[in-house]
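Following: one structure in structure tokens, then a few remarks.
There are 6 protein chains.
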Amino acid sequence: MKRLYVADIAKDAEVKDFFLVVKKGIYSSKNNTRYASVSLKDKTGAIEARIWDRVDELSACFDRNDIVYVESRARSYQDRLQLNVTDIRKETRVLSAREICEFYPQAGGGLERLKEAYFRITSEIGNVHLARLFEEIKKREEMLDRFFILPASVAVHHMSIGGLLEHSVSVAEMAKYAAAFTGADPDIVTAGSLLHDIGKIDEIVFKSGGFGFSDQGRLLGHITLGIMLLDRLLPAIDGFPDFLADVLKHIILSHHGQAEWGSPKNPMCAEALVVHYIDNLDARIMGVKEHMEAAMEDEKWSQFHRLYESRFYKVPER
Amino acid sequence: MKRLYVADIAKDAEVKDFFLVVKKGIYSSKNNTRYASVSLKDKTGAIEARIWDRVDELSACFDRNDIVYVESRARSYQDRLQLNVTDIRKETRVLSAREICEFYPQAGGGLERLKEAYFRITSEIGNVHLARLFEEIKKREEMLDRFFILPASVAVHHMSIGGLLEHSVSVAEMAKYAAAFTGADPDIVTAGSLLHDIGKIDEIVFKSGGFGFSDQGRLLGHITLGIMLLDRLLPAIDGFPDFLADVLKHIILSHHGQAEWGSPKNPMCAEALVVHYIDNLDARIMGVKEHMEAAMEDEKWSQFHRLYESRFYKVPER
Amino acid sequence: MKRLYVADIAKDAEVKDFFLVVKKGIYSSKNNTRYASVSLKDKTGAIEARIWDRVDELSACFDRNDIVYVESRARSYQDRLQLNVTDIRKETRVLSAREICEFYPQAGGGLERLKEAYFRITSEIGNVHLARLFEEIKKREEMLDRFFILPASVAVHHMSIGGLLEHSVSVAEMAKYAAAFTGADPDIVTAGSLLHDIGKIDEIVFKSGGFGFSDQGRLLGHITLGIMLLDRLLPAIDGFPDFLADVLKHIILSHHGQAEWGSPKNPMCAEALVVHYIDNLDARIMGVKEHMEAAMEDEKWSQFHRLYESRFYKVPER
Amino acid sequence: MKRLYVADIAKDAEVKDFFLVVKKGIYSSKNNTRYASVSLKDKTGAIEARIWDRVDELSACFDRNDIVYVESRARSYQDRLQLNVTDIRKETRVLSAREICEFYPQAGGGLERLKEAYFRITSEIGNVHLARLFEEIKKREEMLDRFFILPASVAVHHMSIGGLLEHSVSVAEMAKYAAAFTGADPDIVTAGSLLHDIGKIDEIVFKSGGFGFSDQGRLLGHITLGIMLLDRLLPAIDGFPDFLADVLKHIILSHHGQAEWGSPKNPMCAEALVVHYIDNLDARIMGVKEHMEAAMEDEKWSQFHRLYESRFYKVPER
Amino acid sequence: MKRLYVADIAKDAEVKDFFLVVKKGIYSSKNNTRYASVSLKDKTGAIEARIWDRVDELSACFDRNDIVYVESRARSYQDRLQLNVTDIRKETRVLSAREICEFYPQAGGGLERLKEAYFRITSEIGNVHLARLFEEIKKREEMLDRFFILPASVAVHHMSIGGLLEHSVSVAEMAKYAAAFTGADPDIVTAGSLLHDIGKIDEIVFKSGGFGFSDQGRLLGHITLGIMLLDRLLPAIDGFPDFLADVLKHIILSHHGQAEWGSPKNPMCAEALVVHYIDNLDARIMGVKEHMEAAMEDEKWSQFHRLYESRFYKVPER
Amino acid sequence: MKRLYVADIAKDAEVKDFFLVVKKGIYSSKNNTRYASVSLKDKTGAIEARIWDRVDELSACFDRNDIVYVESRARSYQDRLQLNVTDIRKETRVLSAREICEFYPQAGGGLERLKEAYFRITSEIGNVHLARLFEEIKKREEMLDRFFILPASVAVHHMSIGGLLEHSVSVAEMAKYAAAFTGADPDIVTAGSLLHDIGKIDEIVFKSGGFGFSDQGRLLGHITLGIMLLDRLLPAIDGFPDFLADVLKHIILSHHGQAEWGSPKNPMCAEALVVHYIDNLDARIMGVKEHMEAAMEDEKWSQFHRLYESRFYKVPER
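If you read the sequences in order, they're chains A, B, C, D, E and F. The working numbering applies: residue 29 is where the first sequence begins, and numbers increase by one. The working numbering applies: residue 29 is where the second sequence begins, and numbers increase by one. The working numbering applies: residue 29 is where the third sequence begins, and numbers increase by one. The working numbering applies: residue 29 is where the fourth sequence begins, and numbers increase by one. The working numbering applies: residue 29 is where the fifth sequence begins, and numbers increase by one. The working numbering applies: residue 29 is where the sixth sequence begins, and numbers increase by one.
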């Protein structure tokens with residue numbers, strides 16, 4: 029699908045290729061001419077594109093977070109490359125997993141390092157039933173492929189390939205450490221951490237032009253989908269204890285912590301409590317970091333974050 | 029299990045039998061002797077029992093809502109029969125469905141009438157997939173037996189055999205009528221009404237001495253259990269459309285209306301909205317009625333209801 | 029007031045008439061000329077109008093939901109009629125009920141059918157006092173005229189003539205059915221349903237350019253105004269029982285269900301509970317329907333609804 | 029009704045008279061005999077009464093806040109007079125205003141001083157319409173009698189005759205002062221302060237054995253009843269401006285400040301804001317004072333107050 | 029810094045001076061030319077300025093509430109003076125207190141009158157410890173200078189020099205009056221009123237271009253900063269009683285009334301209750317007044333206020 | 029103070045010594061004699077005591093969590109030692125730290141191990157300013173003594189000596205680990221963890237008969253007291269950066285996470301977020317553990333926890 033990456037675009041090149049839109053705005057130049065400025069991205073970097081003709085018409089047919097096909101020529105402006113767009117349209121085909129990886133950055137440390145961490149963590153599980161569960165999951169290649177590629181959420185500023193995996197691994201490592209301090213069962217905590225968001229593989233889909241929610245994602249949510257997914261997996265594992273199945277489902281069900289946040293049951297055992305609090309910590313810190321990367325007001329303070337209802341402060345290095 | 033029903037107890041009879049405890053209190057008589065007064069019940073009626081010896085010891089070994097075994101003699105006091113208890117103990121065996129029916133009254137109109145209503149309503153479903161779903165459920169006798177016998181909730185004042193069925197049928201009838209007024213699909217509304225609380229058959233269990241919650245009932249709740257139950261049923265039905273499966277599960281998931289009340293997703297289609305509001309109406313009215321039967325302060329006003337945070341008013345007949 | 033209806037506008041006609049504004053926006057054409065596009069409506073249909081001269085000046089002097097006087101010529105553009113506006117101004121005179129009917133569509137089924145339903149329902153009331161109350165209301169023609177014409181709310185997307193009546197009749201029919209199932213008094217439920225929003229006839233007024241709130245509407249709200257209205261009506265009815273007056277006022281007062289939603293008293297009797305839940309159901313379903321008619325994102329999902337905090341899903345027909 | 033006041037009871041007197049119960053408890057003496065201790069009150073003071081015979085039977089037939097008829101003999105115990113009760117029963121007749129005054133203390137400063145303050149404040153109202161309104165109220169003697177006698181609330185620890193008047197006068201004086209600082213109209217603020225709780229004269233009634241809520245008090249509340257009362261009064265005053273009627277009703281309606289606290293409309297004008305905040309201040313301080321008089325834990329701290337969710341602190345005199 | 033005040037600008041004058049921006053918008057003229065209209069202010073008045081060249085470039089470099097340096101010429105347009113801007117830039121230097129006074133109006137009645145009121149109120153404090161505390165504060169000239177100059181809040185529509193002082197004095201006067209009615213200690217109430225917002229002198233700072241929050245203001249808030257400030261002051265006063273220090277800090281800590289509004293402790297003594305309610309009243313009325321000065325919809329109703337979630341009503345004078 | 033420990037009480041010994049009351053109840057024996065059963069404790073264990081004479085009188089003069097002086101004789105009953113009480117009274121003297129340690133168990137692992145952990149953690153702080161801060165704290169022996177001895181809260185079921193230290197050390201260890209995963213500064217996180225509850229040393233005091241709240245604890249709370257304490261410490265450390273002081277105070281201020289939970293500022297930097305979530309996790313898990321030790325309903329489920337609004341589940345060992 030992709031032929032020419034952002035990193036390889038040369039001055040005066042004719043560029044006819046696919047990109048991800050990360051910003052879009054309409055401005056007017058010094059001589060009062062209206063134009064659209066679009067920030068385009070693929071996994072190698074970002075480049076600005078400008079639309080000077082048919083401004084309203086062309087800019088009306090795509091949005092932020094869309095994958096678009098662009099016809100343009102690269103020119104140099106104030107020492108930076110810029111695409112001079114002659115035509116642009118939204119890609120309406122649903123992309124494959126491989127294709128979608130061309131447009132998004134990979135999560136911290138890279139997919140390979142994260143997969144290794146995942147397999148190391150699952151290999152350290154001592155409980156025989158839980159160990160078998162992760163062997164069973166390993167056999168479901170398609171499931172694992174989706175789990176390894178998906179971002180942790182849709183429509184947040186920086187969505188990254190492997191974001192869900194990065195979050196799951198990070199929660200598992202911290203939660204396992206906290207289990208030691210709090211007397212929770214480390215194997216159940218580890219399994220619960222890796223599975224708490226598993227339903228997202230059915231909630232998030234590749235849509236025309238990027239990531240989006242599936243119908244059942246909107247109707248049922250990743251908590252319910254995760255429990256159904258586990259409920260369908262378990263019959264394949266001989267002798268998996270009923271109480272353990274219930275506890276894993278309970279960890280998934282309760283990981284948002286309370287009803288108002290989407291968990292109809294509070295965490296009711298030490299293992300569920302650990303997963304809930306560590307999940308909260310990791311998700312919130314990740315969200316704040318991304319906000320601070322995207323939207324600082326000055327060198328110390330971020331802009332106001334709507335959802336978290338706060339500005340955030342970067343502690344000076346000194 | 030039962031041999032002598034309340035309705036058949038005669039004066040001076042020796043009574044050694046099982047009863048349900050509906051009230052328990054300790055008082056002192058005119059001559060300042062302490063005694064325990066216990067209200068005992070079976071499906072035929074209620075009788076007062078008094079414990080005069082070993083008052084603290086005997087009354088400590090059972091509670092309200094327990095099934096107890098009583099050794100006593102019937103005597104007449106102020107023209108009413110009363111049991112003079114010599115021994116009493118909690119039944120620790122788990123009762124069968126048949127046994128448990130001996131102790132609770134049947135829901136309004138009787139079980140048979142309610143079953144007929146259920147089969148009439150399911151027979152009127154035109155949608156072929158939904159019709160097949162209820163045929164499939166009909167084959168699962170054990171499931172249906174539980175659905176027909178269980179009360180609508182545990183530990184409410186008057187628990188009745190068939191209370192869950194009564195509520196489901198009542199919601200289905202009103203919701204179907206409302207569907208006509210609101211443009212919702214009547215078959216989906218009917219199916220959703222009958223299934224919205226189906227998870228209660230795994231949430232509520234017969235415990236030693238009465239009804240109680242199962243472990244998975246406490247850990248997962250009847251909403252999640254209902255969705256899992258449906259998800260296991262559907263593969264048996266050829267060609268059941270995915271969207272319809274998602275919509276039925278969504279109706280179950282959203283029937284409490286909003287996150288704070290235990291539904292992580294709001295009702296998102298007309299069908300789910302109808303089931304939610306009619307379920308609320310029927311459950312609240314039923315709860316208020318039972319409260320007013322049990323706890324009036326005078327002829328017009330009930331006592332304050334903790335959960336509903338209100339007194340209730342009986343409109344004068346005139 | 030109206031002379032030429034949308035349905036009768038012919039190509040090249042000179043159009044000088046009154047219309048309701050339902051959309052307004054400023055755009056630029058392919059050749060970068062700014063223009064205002066306005067969607068105009070009367071009871072027969074809608075037509076687009078464009079302002080090409082004095083764009084900012086003219087479009088600043090009216091808003092969505094205003095009645096405007098337009099001077100224009102009809103031309104054909106891409107096979108559709110369009111008004112080419114030369115002058116436009118907001119109508120500042122307060123319209124009469126008859127005039128206002130020229131601009132809004134009638135509620136579902138038409139005013140006549142709804143009035144018939146209203147009179148049929150009131151004629152079926154058996155309770156002699158309540159029957160007399162509705163006879164008394166029948167004598168107050170002006171009151172009834174307003175009740176029959178008003179929309180159910182102000183500034184919602186589709187306001188229709190008779191919307192309040194449609195909602196009241198619909199609640200009455202469903203609530204009466206539900207009364208039978210729940211043991212509530214059907215006559216009180218019917219009367220309460222028809223009167224629960226009666227205060228809107230004092231809360232909503234015809235303002236220059238459409239519907240709006242009266243001063244006392246903003247200061248007191250339709251619940252208080254409805255109770256005052258009833259309190260002034262009742263002395264005209266001989267022997268109306270005090271308790272019945274209190275119950276009707278209580279139904280009006282409590283129909284929003286709880287303090288946070290504007291009802292200082294919770295519904296305290298079966299009759300008030302039925303009206304509250306059925307009112308909620310009908311209003312919410314109506315609101316969702318109108319949202320889905322106005323704002324679908326694709327063929328299955330509506331856009332996000334701010335107030336209801338959700339998207340809504342159209343169950344596929346199949 | 030009363031013949032012998034607490035202040036006049038002499039040692040060894042036979043006492044057969046009516047009292048208000050302010051405390052009731054069951055204890056056992058040093059030699060392990062059970063007895064009931066009851067604290068009895070009339071407007072002249074309090075005395076302890078003890079029941080030694082038929083303890084359970086007699087103490088079951090009355091409650092705190094009831095008016096009771098007592099047969100007893102006064103004896104001296106540890107240098108204090110005590111009533112030795114032989115019979116006691118709840119008074120079931122509804123008391124007249126005059127009778128009820130025999131049992132409760134008068135509000136701070138005495139009824140006469142408060143009435144004077146009321147008439148002084150109303151005489152200082154400059155606005156001719158508002159002045160006429162209070163003249164009209166003056167003519168309704170029965171209404172004013174109730175307004176002058178009632179307590180500010182029911183079932184609070186110390187209910188006093190004139191409590192409602194004391195609160196109304198106190199709010200009026202502070203609010204008038206605050207009006208000067210905030211630019212609110214002083215006459216409207218004064219009138220609103222005196223009328224904000226006027227509905228309590230229909231909400232609170234003399235019940236058998238003391239004060240209680242009327243049916244319409246429970247169904248409609250004092251806010252709605254106050255607005256209805258005003259709405260019935262105003263036609264008697266020629267030329268009373270509509271806007272002024274709406275503003276007074278709005279002050280009554282909004283004086284609880286927000287929906288959650290029972291006011292469906294927020295205060296929307298300076299006058300309503302002043303009445304709301306000063307009413308809150310006076311009511312809360314009064315509530316805290318009464319709590320601190322009744323329930324200190326030590327010399328500095330009160331016990332925890334359920335409703336206000338706090339302990340309160342008595343600043344040391346030094 | 030300032031040389032030419034708004035009040036002194038003459039027709040055709042060349043104006044090169046500093047102003048405060050109070051409004052900024054982009055419009056297009058009758059002949060469709062885009063321009064920026066900016067409302068400029070200093071302590072003597074306001075004047076409109078228009079930017080016709082480099083509209084986007086120039087208007088992008090400053091915002092509402094900024095201090096800007098303007099190069100322009102005054103011309104007359106429709107009988108009003110207007111500045112024709114050729115250059116404009118944001119002032120980046122941090123202004124001194126004296127400089128900042130050039131741009132904002134003074135609070136009601138003028139700074140001098142407010143200072144007099146402050147010193148009169150403090151001189152009337154009888155409690156010797158509290159009197160000494162305000163003498164100590166009087167010695168800290170820099171502290172008092174900031175307290176006298178600051179506005180009551182940042183980024184509200186009309187910020188005035190002395191707004192914090194005006195609010196503090198107004199609360200003190202009303203609270204002292206209310207103390208007499210409620211039995212609170214008048215000296216503690218007075219001191220608490222004057223100190224409740226004292227932390228704002230560390231929370232609000234002069235920023236480049238106007239007022240803003242300090243880092244510690246954002247991290248700790250004025251409540252915590254006020255307590256720290258008092259805690260540092262008190263050691264300078266011999267024999268200041270511990271309990272009095274705790275009570276003053278408690279008044280500061282609790283003046284927002286409850287946790288959700290930023291006070292981790294509820295007001296726990298009469299003195300703290302008085303300060304809380306009177307502070308609320310004064311702040312809300314002030315906020316409503318400023319909103320009504322800035323944003324009326326018609327002669328009676330203000331526009332909707334986001335924060336207070338209401339419109340406000342101006343009672344007609346008649 | 030203590031002479032004879034529970035562990036050393038021998039049969040038939042005369043016991044006149046001090047104990048902590050952990051349970052108190054009144055029962056009646058088989059032959060219907062009333063007695064009080066009291067569970068007494070010191071750091072070596074617990075023993076039951078029974079009061080047979082002057083039951084009401086003696087048991088009225090002390091409560092759970094009091095230190096009492098007991099006169100009794102040890103006797104054997106059903107193979108267990110029991111104290112037969114002849115006299116008992118509450119100790120009214122305020123205990124010293126050393127004395128109070130005689131009655132409570134030590135926190136997990138013992139005080140010495142926890143102190144070692146504390147000094148190891150502080151010695152690993154690399155930031156020179158923070159390192160100096162903890163050296164300064166080390167010099168304040170009295171402060172550190174209180175910090176090492178206090179329980180983590182008052183009036184929770186099991187209060188242990190060193191509970192505050194145990195919680196602080198546990199948070200520090202987990203938070204430091206989490207800092208590595210989330211990019212927060214590990215030294216600030218460590219310091220913030222150890223200091224977040226430091227204000228408890230001024231909030232909790234030894235009262236007559238055990239632990240309690242100080243006046244300033246109730247008026248200001250441990251968050252404000254902790255900030256004041258730090259603010260008084262910092263001037264002793266040369267060159268401590270202002271921003272670091274603000275950040276530490278912010279961590280203390282925000283550690284409850286949001287206003288409703290007592291933190292007027294949300295955590296605004298990564299370091300504060302880590303401390304907040306880990307503090308929550310540790311405190312909740314500790315609370316649940318203590319609840320499960322004290323109040324299991326059966327072998328799997330705890331009783332309902334009022335504050336946490338849930339039952340808790342002990343995952344079977346299998």
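Glycine residues also receive a C-beta, built at the ideal position from the N, C-alpha and C atoms. As the structure is a computational prediction, the values presented were derived from the model and not from experiment.
Determine the DSSP secondary structure at N294 of chain D, reduced to helix, strand or coil. Coil at N294 of chain D, not helix or strand.
Classification of R246 of chain A by the beta-carbon crowding that lies within 10 angstroms, buried from 16 upward: By the 10 Å Cβ count, R246 of chain A comes out buried.
Same chain, Cβ closer than 7 Å to V182 of chain E, neighbours up to 5 away in sequence not counted: The residues are I232, F239, G240, F241.
Does the beta carbon of Y336 of chain A sit closer than 7 Å to a beta carbon anywhere in chain C? Taking Cβ atoms only, chain C never reaches closer than 7 Å to Y336 of chain A, which makes this a no.
For F147 of chain D, is the classification buried or exposed, using 16 other Cβ atoms within 10 angstroms of its Cβ as the cut-off for buried? That one is exposed.
Of all the residues that make up the segment 230-258 of chain D, which are near chain B by a beta-carbon distance shorter than 8 Å? Residues passing the 8 Å Cβ filter: D243, R246, L247.
Cβ neighbours of V303 of chain C in the same chain (closer than 8 Å, five flanking residues each side left out): Apart from the 5 residues on each side of it in sequence, V303 of chain C sits with its Cβ closer than 8 Å to the Cβ of V199, A203, V217, G220, S221, H224, I279, H283, P295 in its chain, given in chain order.
One question on the structure: do G53 of chain F and S65 of chain F come within less than 7 Å of each other, judged by their Cβ atoms? Yes, they are a contact pair.
Does any residue of chain A have a CB that is nearer than 7 Å to the CB of D84 of chain E? It does; some Cβ of chain A falls within 7 Å.
Mind pulling the alpha helix (DSSP H) runs of 4 or more residues that sit fully within the segment 195-248 of chain F? Those alpha helix (DSSP H) runs which fall completely within the segment 195-248 of chain F and span 4+ residues are 214-223, 228-231.
Using DSSP with H/G/I as helix, E/B as strand and the rest coil, what is T150 of chain E? If DSSP states are grouped into helix, strand and coil, T150 of chain E belongs with the helices.
Ignoring anything shorter than 3 residues or poking outside the segment 89-118 of chain B, list the beta strand (DSSP E) runs there in chain order. Positions of the beta strand (DSSP E) runs, each at least 3 residues long and wholly inside the segment 89-118 of chain B, are given as 95-105, 108-118 in order along the chain.
What number of angstroms, rounded off, separates the C-alpha of D70 of chain F from the C-alpha of F209 of chain A? One C-alpha to the other measures close to 27 Å.
So the beta strand (DSSP E) R62 of chain D belongs to, where does it begin and stop? R62 of chain D -> beta strand (DSSP E) spans 62-70.
Let me make sure I understand the geometry here. Which of B:E194, B:R103, B:I149 has the alpha-carbon closest to that of G138 of chain B? Distances from the CA of G138 of chain B to each of B:E194, B:R103, B:I149 were compared; the closest alpha carbon is that of B:E194.
Use the C-beta contact count for Q244 of chain A: other C-beta atoms within 10 angstroms, 16 or more gives buried, fewer gives exposed. Q244 of chain A should be labelled buried.
Mind checking if L223 of chain E is an interface residue toward chain D, Cβ cutoff 7 Å exclusive? Chain D has no Cβ within less than 7 Å of the Cβ of L223 of chain E.
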